[in-house]
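Only one structure is covered here, and it is reproduced in the block below.
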Amino acid sequence: MKTTFKISLMIAAIFISGNLLAQTSFGHMQNRISRDKDGINIFDVKKDTVAFKGLSIDLGGAFNMDYQALNSFNDQPSTFALPSNIVGYRLMNNENNFTLPAADMTIGAQLFDGVRVNLNIYLASRHHNDTYASGGYLQIDKLDFIKKDFLAGVMQYATIKIGQMENNFGDAHFRSSDNGSTLKNAFVGNNIMNAFTTDMGMEVYYNRSGLVSMLGVTNGNLNQGIKEVSFSPGPDANTVVSPAILAKLGYDKQINQDLRVRLTGSYYHNANLGNSNLYSSSRSGFGFWGVLNNSDYTNNGVAVANNYNSNSTPEGTFNPGFKNWATSLMFNPLIKFRGLELFGTIELASGGDKASVDAKRTANQFAGDVVYRFGKTEQFYIAGKYNTVSGKLSNADAKEVTVDRVESSIGWFMTKNILAKLDYVSQNYKNYTQFAGNVPTGNANNFYGGNFKGLVFEAVISF
């Protein structure tokens, strides 16, 4: 789905010229969740009463910039105390400085009454050096294009989404950061085991009188293609990728003017994984850069290069590395009383161990955050979060590893579209082996007794 910046500009120019030549309207969008402060804690999809005024164009964007001051530590001894085959090992020092900013663009159009299209573009992101489309989908809230008021009684509560999009597993991703779109996240980091993917598929929603429900299916691929799939070695050699099944069921009710209660349970299953992994598919980066990386050193006379790569899979996240199949359950409670928000995540994941071993392995995550918003328009907040993940990296491992994080943040919405936040983080790694493969001849493991901590200042604009 890659494209170039020139193509993105050309698309925008086409929309703008179409607005001028065809006298289309601008910004009259139906059932769109706001990208500013008003969109916080609006989950899944929504229905509104915006009137259809013909073809209308939507153009938006998001941008964030971080100043990071983090330090990394581990329990690896000084070089002279390491085995003689390892020479010059040390963790890499990071400067207190700005990280690479991230920027998004959203182009949408209201095509028909109850039908709109959305194109999401990463203008600048960590994973790619060029601009590319992260997703595009059609959202259908009415079937009037078939016949006026066709199934109107059903579509009053139902929504259909079709395309390549941020797949709706759990509620945590609605309060998380996605590239330049970080305004709805009270913190800088996402969950340590970050469930995020953008497969091609369809989701059908039915929300009524507090009922929250969704059923979806994807083709199981993050990167699309028609090349024959072959798993060898593996328990299912020479086979096609299985579709992924998604489901959500819950309750969401504004009890009174002050109190809102929401509880959802979500399900994800893929019987035969392809190139998509629910916990490694975020291409926009982790909120904390360059942590627990090593400088150059030698092992048995062989040079070991530093493992800092600004375009690599984000450091600091936990990927259980399921290879054959995966099943995940997520439960998310939300209680909002006036300016106080309590949000939690209970996530139980399991999957096939490796491409040649179909044995079951599990990883469990628990997270809870408290946000208190105050001020005349709740323009200020203070927040705290605790997050822990435990699981074996391989069935052959003797112990589960554990990663836990404490994070606190203060924020100021200068306007609905501009947010400044200061975040403190401390993340710890437990039960990681000292050497790769748990043998002294292996490379030194940076996560052995690992920890990183410090401050991040983040400035956000979203419109």
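Numbering (mature numbering (1 follows the signal peptide of the UniProt record, and there is no 0)) for the sequence shown: -22 to -1, 1 to 441.
Glycine included, C-beta positions come from ideal geometry on N, C-alpha and C.
| Asked | Found |
| --- | --- |
| Expected contact under 8 Å - CB spacing of VAL282 and TYR275 to nearest Å | 5 Å |
| Reference ASP53, options TYR67, ASN74, TYR45 and GLN46, closest by Cα | TYR67 |
| Rounded separation between residue 447 and GLY369 - CA only | As displayed, the chain neither begins before -22 nor continues past 441, which places residue 447 out of reach and without an answer. |
| Completely contained beta strand (DSSP E) runs for the segment 368 to 416, where each covers 3 or more residues | 379 to 393 and 396 to 408 |
| beta-carbon VAL349 near the ligand MG non-hydrogen atom, thresh 8 Å | With respect to the ligand MG, the structure shown offers nothing to examine, as it has no ligands at all. |
| Whole-angstrom distance between ARG316 and VAL28, CA atom to CA atom | 27 Å |
| Nearest-angstrom Cα separation, counted from VAL65 out to SER112 | 42 Å |
| Sub-9 Å separation of residue 455 and LEU256 beta-carbons | As shown, the chain starts at -22 and ends at 441. That puts residue 455 outside it, with no answer to give. |
| Beta-carbon separation (whole angstroms), ALA40 vs SER440, contact threshold 8 Å | 4 Å |
| Close-in-space but distant-in-sequence residues of the same chain around LYS332 (CB under 6 Å, 5 per side omitted) | LYS301 |
| Residue-chain proximity (LEU224, chain D), Cβ-Cβ < 9 Å | In the displayed structure, chain D is absent; only one protein chain is listed. |
| Residue nearest to GLN134 in terms of C-alpha spacing, selected from ASN74, TYR115 and TYR184 | TYR184 |
| Sequence-distant residues of the same chain with beta carbon closer than 8 Å to ASP89, five excluded per side | The displayed chain sequence assigns Leu, not Asp, to residue 89. Within the same chain, LEU89 has close Cβ partners LEU33 and VAL95. |
| Integer-rounded CB distance, given that LYS139 should sit under 8 Å from SER191 | Contact doesn't hold; Cβ gap of about 14 Å is too wide. |
| Contact under 9 Å by Cβ, VAL438 with ILE396 | yes |
| Touching by the beta-carbon criterion (3+ pairs, under 8 Å), the segment 154 to 166 and the segment 194 to 205 | no |
| Inter-residue CB distance, LYS120 and GLY92 (contact presumed, cutoff 8 Å) | 3 Å |
| Residue range of the unbroken alpha helix (DSSP H) whose run includes GLY130 | A small fix is needed here, since residue 130 is Ala in this sequence, not Gly. Taken as a continuous stretch (DSSP letters only), the alpha helix (DSSP H) holding ALA130 covers 130 to 133. |
| Length of the line joining the Cα atoms of THR411 and ARG261 | 28 Å |
| Buried versus exposed call for LYS338 [16 or more other C-beta atoms within 10 Å across all chains shown] | exposed |
| Length of the line joining the Cα atoms of ASN284 and MET143 | 34 Å |
| For residue 443, the first and last residue of its enclosing beta strand (DSSP E) | The chain is shown only over -22 to 441; residue 443 falls outside these bounds and no answer can be derived. |
| Collapsed DSSP secondary structure at ARG339 in the structure displayed | strand |
| Which of helix, strand or coil DSSP assigns to PHE425 | coil |
| C-beta atoms of PHE430 and ASN75 nearer than 9 Å | no |
| In DSSP terms, what TYR115 is bridged to | ASN96 and GLY141 |
| Residue from LYS394, SER372 and GLY141 with nearest C-alpha to PHE358 | LYS394 |
| C-alpha gap between VAL349 and PHE391, whole angstroms | 14 Å |
| Of the listed residues ALA422, LYS377 and GLY362, nearest to ASP404 (C-alpha basis) | The sequence as given places Ser at residue 404; Asp does not occur at that position. Measuring from the Cα of SER404, the nearest candidate turns out to be GLY362. |
| For THR323 and VAL182, the rounded distance between their alpha carbons | 23 Å |
| Whole-angstrom C-beta distance between VAL381 and PHE296, which should lie under 8 Å | 5 Å |
| Beta strand (DSSP E) segment containing THR355, residue limits | Looking at the DSSP string, THR355 is not in any beta strand (DSSP E), and its letter there is neither H nor E. |
| Terminal residues of the beta strand (DSSP E) in which THR84 lies | 80 to 90 |
| SER154 to PHE4 span [Cα, whole Å] | 28 Å |
| SER273 beta carbon less than 9 Å from that of MET70 | yes |
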